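Number of protein chains: 2
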Amino acid sequence: MLDKFFNPRSIAIIGASREAGKVGNSILSNLINHGYKGLIYPVNPRASEVMGLKCYPDILSLPDGVDLAVIVIPARLVPQAITDCGRKRISAAIVISAGFKEIGPEGRELESLLFSAAVSSGVRVLGPNCLGLINTANNMDCSFAAHYPEKGDIAIISQSGALCTAMLDWSARSHIGFSKVISIGNKVDIDEETLIEALADDADTRVITGYLEDISKGHHFMRTAERVTRIKPVILIKAGTTSAGAKAASSHTGSIAGTNVAYECAFRRSGVIQASSIESLFDYAQIFSYQPLLRGKRIAVVTNAGGPGIMAMDAIENVGLVCAAISDKTVSRLKEFLPPNANFHNPIDMIGDAKAETYGMTLEVILQDDGIDGVMVLLTPQAMIDPVEAAKNIVEATKGCNKPVVASFIGGEKVKEGIELLQKNKIPHYPTPERAVGALSVLADYVKWLEKPRRVVKRFAVNTTKVDRVLNLNRKRGITNISEYDSKAILASYGFQVPRGKVVKSPEEAAEAASEIGFPVVMKIISPDIIHKSDVGGVRTNIRSYQEVIDTYELMMIRVRNRCANARLQGIFVQEMVEDGWEVILGMTRDPQFGPMLMFGLGGIYVEVLRDVSFQLAPISSDEAVEMLVGTKTYNLLRGVRGEKPVDIQLVAECVQRLSQLSVDFPVIQEMDINPLKVSAARSRAVAVDARIRISLPVENT
Amino acid sequence: MLDKFFNPRSIAIIGASREAGKVGNSILSNLINHGYKGLIYPVNPRASEVMGLKCYPDILSLPDGVDLAVIVIPARLVPQAITDCGRKRISAAIVISAGFKEIGPEGRELESLLFSAAVSSGVRVLGPNCLGLINTANNMDCSFAAHYPEKGDIAIISQSGALCTAMLDWSARSHIGFSKVISIGNKVDIDEETLIEALADDADTRVITGYLEDISKGHHFMRTAERVTRIKPVILIKAGTTSAGAKAASSHTGSIAGTNVAYECAFRRSGVIQASSIESLFDYAQIFSYQPLLRGKRIAVVTNAGGPGIMAMDAIENVGLVCAAISDKTVSRLKEFLPPNANFHNPIDMIGDAKAETYGMTLEVILQDDGIDGVMVLLTPQAMIDPVEAAKNIVEATKGCNKPVVASFIGGEKVKEGIELLQKNKIPHYPTPERAVGALSVLADYVKWLEKPRRVVKRFAVNTTKVDRVLNLNRKRGITNISEYDSKAILASYGFQVPRGKVVKSPEEAAEAASEIGFPVVMKIISPDIIHKSDVGGVRTNIRSYQEVIDTYELMMIRVRNRCANARLQGIFVQEMVEDGWEVILGMTRDPQFGPMLMFGLGGIYVEVLRDVSFQLAPISSDEAVEMLVGTKTYNLLRGVRGEKPVDIQLVAECVQRLSQLSVDFPVIQEMDINPLKVSAARSRAVAVDARIRISLPVENT
């Protein structure tokens, strides 16, 4: 797809320069010096030859059949250059030039000209405002990076050119090799999604990593990422997550969720591994690049000192991995060569007199233990040990092994060479046991992801016509906050159980309705202008008699008029009181990038205070719905505590799926809260006791 | 106090060896080669001279006036050697020899002989099984560490000798200097507490760090640490925290708390900074050693690239620091020399063409901004920048500055020399912005600790005699789980409000009692054998009539007899039903090391499910009691949500303090749960609706 970018047979450098220090000079010399074997055409109207290559005055005078143009000319000339490339049938261009939307309104305009030029000429564009592109497979360095990376199987995509440079320099120290390095700049055309898709098929790439500040098209990205992560791991840093600023949300769900949560959901849904810093990005990338997958959770630790062994054990428990039990057979084999005061159980402490060969022998034995899924090797630079020899032994003993092995040689100068030997031989090394465990844990998570069955979203038979009608009626009237009555009608059409009830307009009508429904009842005011009804005394429960209904009606009307003088009152809703059951909340808020985000958690007044909630993006599968429940502490309530019967978990999960379907079917719905959904174990039912829905209006009405 | 250890005028090496590779040889040569200026006396019966020094056949033949003995002989000879030291009036000994409790029962016995020898001879002992001691102030290296550290003001105490070696090697790479390095081994005599106390007064030490696997005397340690941390920061790794294994606890409090929580509480109470890895230990130690304290939370970021700047901002918000607002004055001064497309607001992005001097100029300007409390400087190795020159500029611009400055040069080979220059000039450097922010955040926490007023524990007037009587009666009868009735009597004696109630033995008596108390009532069975009453149907609430009381009594008796056939039933407790209010829990569990741990949190059935709880060690001050409340999400409930009135926070805090006083006054109380404590805003009262207390029995009864 991006073959002209990755494997061009010929490259034109538009703006190639003879002047050292200029970007147009750096790129040309990088391309020549790092061993690119294709044809190179410098373009520069003021030169006839650059670095020994014939120079062309302009794009149109280039020979035919150029595959890729690298553009390093002033920003204002770039759109025309792209048009010219189109005329010359050069279908791929990397725009290095800066001066586009990153400099303000003027640049933004120039960038839209560039976009138009790309679209109308059919030229695919990487950039502008980027560092360029490196493909180590064919030694092609179309960048002005000062550092050329070692060959390897990690691809990196970066939205920050400077960070790209920094990461190349950083990784060189640990001998981390790359397949492709791609700086995406302002991504006027080619973005992270296109690249991840292309890299999925790239045989030279085993791990895709990236630094992103935003994602261009949330939904497309997710779909692509979900497919790619099943082929190879994708590890991303998403920067700029916190300052997003709270949206003005009217629902509980909206006010708890934020951009942060949306990205987390999107990454989780699509199997993308999120790294919180460059350090963890490379911590994770290394283990994926070097080691086989972790097929279970049981980790054995081999050490020559107790302290780090204990720290490793702490870390293993903290991340949810398991300290492997060492089998009797393994112990007796270890006893053949380890000293009697060694520790034969996890952490296997070979103690201070362990020699380099002891590492090799111990590893050989324990890697054969079926009760061990992965191994961490620790070394402290004690007198008896030669870290380089130890590293050699570790490399030897783990060759061809199908279990991941990670190492942590704790120290500085004394262990430096040993560490280097490990890294060159693809044993991932971490300065502390905690970071090694962190990497193993991500490896385990990825395996869980791969083993996850494909998502099947169940569709329920529902009454969409009814919902359509109710929503349209509200939209026509310019109502965004749908009344409780209408909200429940919508939910009922999607198969939710709702309490029996009636809208009434007088005390007597209320009392009649209550008698029909059966006491006790609940009474609530109906007003499109009052969202949090209980805040203004607009909800009364446990009303037990005819007379009490009449009194409550009158009192409520007076109170609400006093407190919200301007609110439109549409009457009072008299409703069956659903007495037993746990109060949970189901909610939805629509993220501009990723669409409907569903929320489940502890309901009632506890929602925003305790925030025991979990999120998933719609549409949701039945497995994911259960996962959402399990992801909260509230789940333990539902499973039955202190002698209480468990509730029907599948029933609650089904409610989440129905809400998901409703969110997907009706994009006008912006936010929903079902709070509480009362879930009763005794009666095995889940009732939407209260609900609110906010919709968007047609443009002419807003 | 430990002056003979730190500044001896003469040292005897008991077991000095001529044989290279032996520990007795390494220590002697370390002592000689690293420049110790005092007298050195090798002791070895089989040599007359070692390394050019006169050798003595045994301790008793040493000249008088030796200050310190370093013992490197087989374990079984060590106790006698200590006795001999005593006879020669050598009052300080470092026992390097291993082979004590770390090898099992035999060694354990030898260690108790060593302990006795130390006590009876009056010789203070460091070790056994340790690496030794280094004091860089007088170039004294009494260790067999292969590495001698740079001079500095960080002291390190380590319970693992191997880790000590590793940390010395580690820190050398970053030019981290040490004042003292002390390996404490099995700490038969001198332990972490003695050392922290001694280091508090050590003028060469500015920061105390340590690696510990356990703490010898919890209470003493805390008291000492609390005093020391007000003088200088103490940073500790506590390893081996997770595997402690859940205790068999009968209270909610006991089952939620663990050893982990106790250590966290103890460290928090005494101002000790806990580090989770060697990496963070040194991350923190460096900033304390090199920089002034952070007097506010407002951090400015200076960068030459956008990406890392954004990552820094994310991190600042995540840890609860504040992104400083740059004043107009500062902005206009920056505009004088920064290019127009730079970003003048936080993060201050000098953009890619920033030169080394730009760093210096920018820092000089922003360090004068009163709205900025601390600064983070970021650098990516771009073409225009010379990292070494930038480092020089940073060092120059921040000289004598009273605000902390940290740096992160992101990269490898290209930034290496710049980083080294920073480190040598005491600008703490971190490989990522996230770790730099982590260090700043710890600095801010420490300032908060220093500013905390001294703790004042209020004592309430209570009826201890009554509690004494109730407890004794139960102990005499061999009852460990105090009945609800007695528990409430105890609480009432300590000023808790309890519901009115009566113990009854027949249905009719129950009904009479209920009529007196007033309906509705609650009924609960009383049995020392049933701890979780509601699990077996032993609690009924909202009983509204005479007849209902009678029915409930009979039903309860039948049910409980069926479900707990062998439980002793002492009757039923009829009790006022406390209807309104939030249900919170107050609890206490006694940690073997640190004493009573108090718990506050959301009560009722939610306790163990939601675990919204916080812990503090008793005795507790009124500030700390409030802190405990604030430390939970439940606090937001108490402050009033959704139109509810706030409760009297001081009243709840007082309850915590009363529980604290009760825990301290009666060490026989092992665990307590007050669940729920019903806290009503309307009536401004807090009632202990249910309570359980577990006590220990006199030894003859257990």
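Line by line, the protein sequences are chains A and B.
My numbering puts the first residue of the first sequence at 9, with every later residue one more than the last.
My numbering puts the first residue of the second sequence at 9, with every later residue one more than the last.
C-beta atoms are modelled at their ideal positions from N, C-alpha and C, and glycine is treated no differently.
Just so it is clear, the structure is predicted and the values come from calculations on it, not from any experiment.
Review point. Does the ligand GTP have even one heavy atom less than 8 angstroms from the beta-carbon of A:F229?
Key: Ligands are entirely absent from the displayed structure, and the ligand GTP is therefore not among its contents.
Check your understanding: In terms of residue numbering, what span does the beta strand (DSSP E) encompassing B:A20 cover?
Key -> Numbered from 1 along the second sequence, position 12 holds the residue referred to as residue 20 of chain B. Taken as a continuous stretch (DSSP letters only), the beta strand (DSSP E) holding B:A20 covers S18 to I22.
Check your understanding: Leaving out the 5 sequence neighbours to the left and right, which residues in its chain are closer than 7 angstroms to A:G503 when beta-carbon positions are compared?
Key -> As a first step, residue 503 of chain A must be located in the first sequence, where it is residue number 495. Around A:G503: F468, V470 and R666.
Review point. Just curious, the alpha helix (DSSP H) that A:S717 is in, first and last residue?
Key: Chain A is shown only over 9 to 710; residue 717 of chain A falls outside these bounds and no answer can be derived.
Point to revise | A:I359, buried or exposed, once every other Cβ within 10 Å from all chains shown has been counted against 16 | key: Start at 1 with the first residue of the first sequence, and residue 359 of chain A comes out as number 351. So A:I359 counts as buried.
Check your understanding: Under the rule that 16 or more other beta-carbon atoms within 10 Å means buried, what is A:G253, buried or exposed?
Key -> Mapped onto the first sequence, residue 253 of chain A falls at position 245. Residue placement at A:G253 is poorly supported in this model, since its pLDDT is 37, which falls under 50; the coordinates are not used for a value here.
Exercise for review: Output yes if chain B places a C-beta closer than 9 angstroms to the C-beta of A:M148; else output no.
Suggested key: As a working mapping, residue 148 of chain A is identified with position 140 in the first sequence. False, the Cβ-Cβ gap to chain B never drops below 9 angstroms.
Review point. Is the region 353–372 of chain A touching the region 310–327 of chain A in the sense that three or more CB pairs, one from each, lie closer than 8 angstroms?
Key: yes
Exercise for review: Write down the C-beta distance between B:S622 and B:T597 rounded to the nearest angstrom, noting that I regard them as a contact closer than 8 angstroms.
Suggested key: Walking along the second sequence from the start, residue 622 of chain B turns up at place 614. Walking along the second sequence from the start, residue 597 of chain B turns up at place 589. So it is not a contact: roughly 14 angstroms between Cβ atoms.
Exercise for review: Go ahead and label B:V445 buried or exposed: buried means 16 or more other beta carbons lie within 10 angstroms of its beta carbon, across all protein chains shown.
Suggested key: Start at 1 with the first residue of the second sequence, and residue 445 of chain B comes out as number 437. Buried, since its Cβ has 16 or more Cβ neighbours within 10 Å.
Point to revise | Positions along the region 167–182 of chain B whose CB lies within less than 9 angstroms of some CB in chain A | key: Q167, S168, G169, A170, L171, C172, T173, A174, M175, L176, D177, W178, S179, A180, R181 and S182
Check your understanding: For the putative contact between A:I318 and A:G382, defined by C-beta atoms under 8 angstroms, what is the C-beta separation to the nearest angstrom?
Key -> Residue mapping note: residue 318 of chain A aligns to position 310 of the first sequence, counting from 1. Residue mapping note: residue 382 of chain A aligns to position 374 of the first sequence, counting from 1. The pair is not a contact, with the Cβ atoms about 18 angstroms apart (cut-off 8 angstroms).
Exercise for review: Tell me, please, whether the CB atom of B:T633 is closer than 9 angstroms to any CB atom in chain A?
Suggested key: The count along the second sequence starts at 1 and reaches residue 633 of chain B at position 625. Per the sequence shown, the amino acid found at residue 633 of chain B is Ala instead of Thr. Not closer than 9 angstroms to any Cβ of chain A, the Cβ of B:A633 fails to qualify, so no.
Exercise for review: Would you give the residue range spanned by the beta strand (DSSP E) that B:L141 belongs to?
Suggested key: Position 133 of the second sequence holds residue 141 of chain B. Segment G140 to N143, the beta strand (DSSP E) holding B:L141.
Point to revise | Simplified DSSP assignment, three categories, for A:L220 | key: Looking up residue 220 of chain A in the first sequence gives position 212. Three-state DSSP puts A:L220 in a strand.
Point to revise | Whole-angstrom distance between B:C150 and B:G46, CA atom to CA atom | key: Position 38 of the second sequence, counting from 1, holds the residue named residue 46 of chain B. Position 142 of the second sequence, counting from 1, holds the residue named residue 150 of chain B. Using only the alpha carbons, I get a separation of about 12 angstroms.
Check your understanding: Are A:G193 and A:G115 closer than 9 angstroms when you measure CB to CB?
Key -> Here residue 193 of chain A refers to the residue found at position 185 when the first sequence is read from its first residue. Here residue 115 of chain A refers to the residue found at position 107 when the first sequence is read from its first residue. Cβ distance not < 9 angstroms, so A:G193 and A:G115 don't count as in contact.
Point to revise | Contacts around A:A575, its chain only, beta-carbon distance under 6 angstroms, and the 5 residues preceding and following it disregarded | key: The sequence position of residue 575 of chain A within the first sequence is 567, counting from 1. If we look at A:A575 and ignore the five residues flanking it on each side, its Cβ neighbours are S535, D537 and I538.
Practice item. Please state whether DSSP places A:Y292 in a helix, a strand or coil. Key: For the purposes of this step, residue 292 of chain A is taken as residue 284 along the first sequence, with counting starting at 1. In the structure shown, A:Y292 sits in a helix (DSSP, three-state: H, G or I).
Practice item. Pull up the distance between the alpha-carbon of B:S224 and that of A:T642, whole angstroms please. Key: What you label residue 224 of chain B is simply residue 216 of the second sequence in a count that begins at 1. What you label residue 642 of chain A is simply residue 634 of the first sequence in a count that begins at 1. Answer to the nearest angstrom: the Cα atoms are 40 angstroms apart.
Review point. Grouping DSSP H, G and I as helix and E and B as strand, with all else coil, what is A:L610?
Key: Sequence index remark: in the first sequence, residue 610 of chain A carries index 602 (1-based). Three-state DSSP puts A:L610 in a strand.
Check your understanding: Who are the neighbours of A:D620 on chain B, taking C-beta pairs under 7 angstroms?
Key -> Within the first sequence, residue 620 of chain A is the residue found at index 612, counting from 1. Per Cβ cutoff of 7 angstroms: L618.
Point to revise | Burial state of A:T710, where buried means 16 or more other Cβ atoms lie within 10 Å | key: As a first step, residue 710 of chain A is located in the first sequence; it is residue number 702 there, counting from the start. Confidence in A:T710 is poor, its pLDDT being 45 and thus under 50, which makes the residue's placement unreliable; the coordinate value appears in the next sentence. Burial call: exposed.
Check your understanding: For A:S630 versus A:V464, is the C-beta distance shorter than 9 angstroms?
Key -> As a working mapping, residue 630 of chain A is identified with position 622 in the first sequence. As a working mapping, residue 464 of chain A is identified with position 456 in the first sequence. Result yes, Cβ atoms of A:S630 and A:V464 sit closer than 9 angstroms.
Exercise for review: Look at the alpha carbon of B:A256 and the alpha carbon of B:D212, and state the distance between them as a whole number of angstroms.
Suggested key: In the second sequence, counting from the first residue as 1, residue 256 of chain B sits at position 248. In the second sequence, counting from the first residue as 1, residue 212 of chain B sits at position 204. In this prediction, B:A256 has a pLDDT of 46, which is less than 50 and means its spatial position is unreliable; what the coordinates show is noted afterwards. Going by the C-alpha atoms only, they are around 46 angstroms apart.
Practice item. Can you check DSSP and say which residues form a bridge with B:V383? Key: In the second sequence, the residue the question calls residue 383 of chain B occupies position 375. Looking at the DSSP assignment, B:V383 forms a beta bridge with B:A308 and B:V413.
Check your understanding: Roughly how many whole angstroms lie between the Cα atoms of B:Q282 and B:G112?
Key -> As a first step, residue 282 of chain B must be located in the second sequence, where it is residue number 274. As a first step, residue 112 of chain B must be located in the second sequence, where it is residue number 104. C-alpha separation (whole angstroms): 30 angstroms.
Exercise for review: Leaving aside the five residues before and after B:Q505 along the sequence, list all residues of the same chain whose C-beta is less than 8 angstroms from its C-beta, in chain order.
Suggested key: The count along the second sequence starts at 1 and reaches residue 505 of chain B at position 497. If we look at B:Q505 and ignore the five residues flanking it on each side, its Cβ neighbours are R693, A694, V695 and A696.
Check your understanding: Can you list the alpha helix (DSSP H) stretches of 4 or more residues lying completely in the region 316–355 of chain A, in chain order?
Key -> Every alpha helix (DSSP H) of 4 residues or more that sits fully in the region 316–355 of chain A is shown, in chain order, as 336–343.
Practice item. Assess, as a yes-or-no matter, whether the region 339–359 of chain B is touched by the region 403–422 of chain B under the definition of 3 or more beta carbon pairs within less than 8 angstroms. Key: no
Practice item. With 9 angstroms as the threshold, decide whether the Cβ of A:D322 is near any Cβ in chain B. Key: Translated into the one-based positions of the first sequence, residue 322 of chain A becomes position 314. So yes, A:D322 belongs to the interface.
**Study point:** alpha helix (DSSP H) segments (min. 4 residues) lying fully within the region 99–165 of chain A
**Key:** 113–129
Practice item. Between the Cα of B:T406 and those of B:L244, B:P300, B:I40 and B:F674, spot the shortest distance and give me the residue it belongs to. Key: Your numbering for residue 406 of chain B matches position 398 in the second sequence. Per the Cα distances, B:P300.
Point to revise | Under 7 angstroms from the C-beta of A:P316: neighbouring residues of chain B | key: Position 308 of the first sequence, counted from the start, is the residue given in the question as residue 316 of chain A. Within chain B, the residues near A:P316 are L171.
Point to revise | Rounded straight-line distance, which links the Cα of B:R214 to that of B:W457 | key: Within the second sequence, residue 457 of chain B is the residue found at index 449, counting from 1. Within the second sequence, residue 214 of chain B is the residue found at index 206, counting from 1. In this model, B:W457 and B:R214 are separated by some 17 angstroms (Cα to Cα).
Practice item. Report yes if the CB atom of B:I758 is closer than 9 angstroms to the CB atom of B:S105, and no otherwise. Key: As displayed, chain B neither begins before 9 nor continues past 710, which places residue 758 of chain B out of reach and without an answer.
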